[in-house]
DNA sequence: TTTGTTTATTGCAATATTACGATTAATATT
DNA sequence: AATATTAATCGTAATATTGCAATAAACAAA
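Protein chains in written order, with this note's numbering: chain U, 26 to 135; chain E, 26 to 135.
Here is the structure:
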């Protein structure tokens, strides 16, 4: 196997896990933090910033883009990547709904 | 490979990705939602609730426990699992710090 | 047009994850 | 004690992920 049985779960559960999965690698966390920090579009410094090889960074960018969390335009020889703010907010809504489940209850037998 | 180069990243980045990774599977999302919903300790219904085999659920529970998000006590022949509220809040702080990065800026060339 | 610069893609090796059957461990029940 | 019940562990097959060297693609500059 090694194969997630998505059909057992709700769309919401699958969506949450897909978002979470993309954050489940420190390189992607780091890329996103960098895009927020420089707060403009990145044109290639990511490979120097993070210590991974160029194809590896490219692959991580692809996954982030595929999920819609970043936008990217190739501009001549360099590329312009930045956070897709609209989708970032959408993602936050989904994740927060999951994180903010009600904790104010008893039932603590453990 | 198939091996994350954690040493390239900060402790914070690694911590975020470890939390996210555990949410990166719908079965674990589902387990956590169920624990919140029934709001008491679970004693075995998870296998029926979710459609995965008992060893598989047990393995997912182990990961959740290992990260501290749930607590579990064996009680005779059944087991009592519930959310570790203290650690859940800690986790939320870490993740929210990452999700709530400042979006109110221009620099949108894409 | 040739040469550099930058990013994407391909192909592959190493490792990790998912899932489950079979079994074990631990305790209840009879 | 023998039997049932429940959850953990072991072993293993299938698949996914990570990382990078090599290469390709796309364009800029000379």
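Idealized CB from N, CA, C, for every residue including glycine.
Residue closest to residue i, alpha-carbon to alpha-carbon, out of the options
i	options	result
residue 99(E)	42(E), 112(E), 113(E), 83(E)	83(E)
residue 72(U)	55(U), 36(U), 62(U), 88(U)	55(U)
residue 130(E)	41(U), 63(U), 44(U)	63(U)
residue 91(E)	33(E), 46(E), 34(E), 31(E)	46(E)
residue 53(U)	75(U), 37(U), 32(U)	75(U)
residue 115(E)	41(E), 86(E), 107(E), 78(E)	41(E)
residue 31(E)	87(U), 77(U), 117(U)	77(U)
residue 48(E)	85(E), 103(E), 81(E)	85(E)
residue 122(E)	87(U), 103(U), 61(U), 81(U)	61(U)
residue 117(U)	44(U), 35(U), 103(U)	44(U)
For residue i, the residue or residues it bridges with in DSSP
i	result
residue 96(E)	107(E)
Extent of the continuous alpha helix (DSSP H) run through residue i
i	result
residue 46(U)	36-48
residue 67(E)	Residue 67(E) -> no alpha helix (DSSP H), and no H or E assigned at all.
residue 89(U)	79-91
residue 29(E)	Counting along the chain, residue 29(E) falls outside any alpha helix (DSSP H), and DSSP gives it neither H nor E.
residue 12(U)	In the structure as shown, chain U starts at 26 and stops at 135, and residue 12(U) therefore has no counterpart that could be examined.
Proximity below 9 Å, CB of residue i to CB of residue j
i	j	result
residue 93(E)	residue 105(E)	no
residue 51(U)	residue 38(E)	yes
residue 107(E)	residue 95(E)	yes
Any contact between the region 121-129 of chain U and the region 26-35 of chain U? By contact I mean 3 or more CB pairs, one from each, below 8 Å.
No, because fewer than three Cβ pairs between the region 121-129 of chain U and the region 26-35 of chain U fall closer than 8 Å, the two stretches do not touch.
Should the region 108-120 of chain E be called in touch with the region 67-81 of chain U, which here means at least 3 C-beta pairs below 8 Å?
The region 67-81 of chain U and the region 108-120 of chain E do not touch, with fewer than three beta-carbon pairs separated by less than 8 Å.
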